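Novice:
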């Protein structure tokens, strides 16, 4: 069951919608670049490499010219988050500091009843673990662990860090008293069932890291052992709510800082993120114990172009950096790789040297992707041997053959020339040979698509008949000006040839009769049919001037009237043709057929 629009007063819906600029809201999900009057980006609703997703600030609507989705700020949140109407309104009202009236259905959610209960149990457990850590004797050893790692109380509170006591049934009893079914808790992985049938806390004796989704809801937990017990790290099992390859730790807190800095720093571990955040570096996220997935890379690309990979400095960390860099570049990100010497890790470096040193010595000194590759490849060769040296140079040249920037290629060729005392001309000649041999073209990833000269245009629709274009233009101007709607209602009514157009103008007449002023975003709110919403947003995004003269409007109206009149004439002639054929009058039938053909030719042109 979803809450009906009528359960929230229309004036409140209007207040919430107007308090949320669609560019700001969409901008939290999609990296937008201004082109002319509109903003463009990669559509979050379908995979694409060329931006066809458009947002207009003037009209407060969005439309994708690729997949056709469109609507206003409420529709966008409902689509991208699979929210109910009320959930979308709740989020937007919260952003604007507006209180929604009580409807009696506030707890209705797009989550299944079972998942909603799991989220509620996870929230109670987050609070309990955190309370135990901060304020009880049972949590003292967990608190001391974070103190020893230089994590301050304020940071512990921000990340809701906790501790699971080393007891068998404390957590189970706590959640059962809150009304949660034991079998549901086992299924959710919040507790574990042993072979003998006893149920215990999954994380007992560990410090706890709540794992939140991008909306800030706890969907899982990570537990770290602080004594010699089991695996060092233990996560909740994967579920419908928790899929490691689709979430990033701290993304909910980091996303606005990622936007602000126009850059994201990618770590491997919870503590790296927490230490950096505490040191004032807040555009930080981490994978969840697995290699960076394609889904995670695409999620980052939606928000930002530039990614700094900052994994541990040991061999395993460098290997993971290599794989992550490839995945990110495939998604279209511009990649740098921070270099931590002597196998160090970000958390330890920050603890020893501070956040400022980490910024200056590690992040700002990050290697470009090509520099990282050259260093990474060196480990596989003994460069004191001539054969290995030549193989290494060949490998680097092959990578350089994919680099688009001639300036960048020249720079690295000079580096190779200096490092190996080789002629620059010889290296250039060899690079050209490789390009010819492998047919390599420079790597034109999407980072180069957003230049100041980029002009992004809607995808061309197939050519429509003149009357159909006229109807679309009339609807466009009806949505812009109520006087246009009045004149069209008087002269055409709903006599449009295209059925969808008839329905839209009927809705528009009713919209204005209710006393509304021209407002495309509000008009979309009154439409329940998703297909019609997409068509309305497509028409509203047409590159027309906002004003139309009465003479031009009259021309469009006459075009539609003529089409309607000619269609009626053709229908009448076809009936006459049928009678002539039945009466075996070939001369009259031929005359009628020719007349029909002439009208059809006229219509076509």
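Residue numbers (our numbering): -5 to 599. For every residue, glycine included, the Cβ atom is placed at its ideal position computed from N, Cα and C. Every value quoted in this text rests on a predicted model; they were computed, and no experiment measured them.
I need the DSSP call for residue 397, collapsed to helix, strand or coil.
Specialist: Residue 397: coil per DSSP, three-state reduction.
Novice: Hey, could you find the ends of the alpha helix (DSSP H) residue 249 is sitting in?
Specialist: Segment 245 to 255, the alpha helix (DSSP H) holding residue 249.
Novice: If you draw a straight line from the alpha carbon of residue 279 to that of residue 246, how long is it in whole angstroms?
Specialist: So the alpha carbons of these two residues sit roughly 9 Å apart.
Novice: In this structure, does DSSP put residue 16 in helix, strand or coil?
Specialist: DSSP places residue 16 in helix when its eight states are reduced to three.
Novice: Per the DSSP calculation, residue 195 is bridged to which residue(s)?
Specialist: According to DSSP, residue 195 bridges with 185.
Novice: Use the C-beta contact count for residue 57: other C-beta atoms within 10 angstroms, 16 or more gives buried, fewer gives exposed.
Specialist: Burial call: buried.
Novice: Whole angstroms are fine: how far does the CA of residue 344 sit from the CA of residue 158?
Specialist: In a straight line, the C-alpha of residue 158 is about 27 Å away from that of residue 344.
Novice: Using CA coordinates, which residue listed in 553, 308, 16 is at the minimum distance from residue 24?
Specialist: Residue 24 has its Cα closest to that of 16, out of 553, 308, 16.
Novice: Less than 7 Å between C-beta atoms, sequence neighbours within five positions excluded: which residues of the same chain meet that for residue 475?
Specialist: Only 512 meet the Cβ criterion.
Novice: Can you tell me whether residue 214 is helix, strand or coil according to DSSP?
Specialist: In the structure shown, residue 214 sits in a strand (DSSP, three-state: E or B).
Novice: Return helix, strand or coil for residue 203, following the three-state DSSP convention.
Specialist: In this structure, residue 203 counts as strand in the three-state DSSP scheme.
Novice: Could you check whether the segment 105 to 118 touches the segment 239 to 257, counting it as contact only if at least three pairs of C-beta atoms, one from each stretch, sit closer than 8 Å?
Specialist: Short answer: they don't touch.
Novice: If you scan the segment 283 to 334 from start to end, which runs of the alpha helix (DSSP H) of 4 or more residues do you find wholly inside it?
Specialist: Correct list: 288 to 297, 309 to 324.
Novice: Let's see if you can read the secondary structure: which residues bound the beta strand (DSSP E) around residue 29?
Specialist: Looking at the DSSP string, the run of the beta strand (DSSP E) that includes residue 29 is 27 to 29.
Novice: How big is the Cα-Cα spacing for residue 272 and residue 348?
Specialist: Each residue's Cα considered, the two are about 10 Å apart.
Novice: Closer than 8 Å is the cut-off here; do at least three beta carbon pairs connect the segment 330 to 340 with the segment 296 to 311?
Specialist: They touch, by the three-pair rule.
Novice: Please state whether DSSP places residue 376 in a helix, a strand or coil.
Specialist: Here residue 376 sits in coil by DSSP.
Novice: Can you confirm whether the segment 290 to 302 touches the segment 320 to 336 when touching is taken to mean that 3 or more C-beta pairs between the two stretches lie within less than 8 Å?
Specialist: At 8 Å Cβ cutoff, the stretches touch.
Novice: When the distance is taken between beta carbons, is residue 27 closer than 8 Å to residue 21?
Specialist: No, they are not a contact pair.
Novice: Output the distance between the C-alpha atoms of residue 91 and residue 84, rounded to the nearest integer angstrom.
Specialist: Roughly 10 Å between the two C-alpha positions.
Novice: Using beta-carbon positions only, say whether residue 370 and residue 316 come within less than 8 Å of one another.
Specialist: A contact, by the Cβ cut-off of 8 Å.
Novice: Any contact between the segment 515 to 535 and the segment 469 to 489? By contact I mean 3 or more CB pairs, one from each, below 8 Å.
Specialist: As far as the Cβ criterion goes, the segment 515 to 535 touches the segment 469 to 489, which means the pair count is three or higher.
Novice: Using CA coordinates, which residue listed in 33, 398, 483, 297 is at the minimum distance from residue 251?
Specialist: When only C-alpha atoms are compared, the closest one is 297.
Novice: Looking at the unbroken beta strand (DSSP E) that takes in residue 32, where does it start and where does it end?
Specialist: 32 to 35 is the span of the beta strand (DSSP E), which, as asked, contains residue 32.
Novice: Drop a sphere of 10 angstroms on the beta-carbon of residue 447, count the other beta-carbons inside from all chains shown, and report buried for 16 or more, exposed for fewer.
Specialist: At residue 447 the pLDDT is 40, less than 50, meaning the model places this residue with poor confidence; the figure from the coordinates comes in the next sentence. So residue 447 ends up on the exposed side.
Novice: Just the C-alpha distance for residue 603 and residue 203, rounded to the nearest angstrom, thanks.
Specialist: Any property of residue 603 remains undetermined from this structure, which presents the chain solely from -5 to 599.
Novice: Threshold first: 4 residues or longer. Then list the alpha helix (DSSP H) segments lying entirely within the segment 470 to 522, N to C.
Specialist: 476 to 485, 493 to 507, 514 to 519, all fully within the segment 470 to 522.
Novice: Per DSSP, what are the beta-bridge partners of residue 156 in this structure?
Specialist: 202, per the DSSP bridge assignment.
Novice: Checking the sheet assignment: what are the DSSP bridge partners for residue 359?
Specialist: The partner list for residue 359 (beta bridge, DSSP) is empty, contrary to what the question assumes.
Novice: If you scan the segment 52 to 76 from start to end, which runs of the alpha helix (DSSP H) of 4 or more residues do you find wholly inside it?
Specialist: Runs found: 67 to 75.
Novice: Helix, strand or coil, according to DSSP, for residue 442 in the structure here?
Specialist: A caution first: residue 442 carries a pLDDT of 43, below 50, which makes its placement in the model unreliable, though a value can still be read off. Helix at residue 442.
Novice: Going by C-alpha to C-alpha distance, which of 240, 518, 467 sits closest to residue 502?
Specialist: Answer by Cα proximity: 518.
Novice: Leaving out five residues before and five after residue 460 in sequence, what residues of the same chain have Cβ atoms less than 7 Å from its Cβ?
Specialist: Contacts found: 553.
Novice: So what does DSSP say about residue 23, is it helix, strand or coil?
Specialist: Looking at residue 23 - three-state DSSP - the assignment turns out to be coil, as it is neither helix nor strand.
Novice: Note down the Cα distance separating residue 228 from residue 134, rounded to an integer number of angstroms.
Specialist: Cα to Cα, residue 228 sits roughly 21 Å from residue 134.
Novice: Would a C-beta distance cut-off of 8 Å place residue 486 and residue 551 closer than the cut-off?
Specialist: Yes, these two residues count as a Cβ contact at 8 Å.
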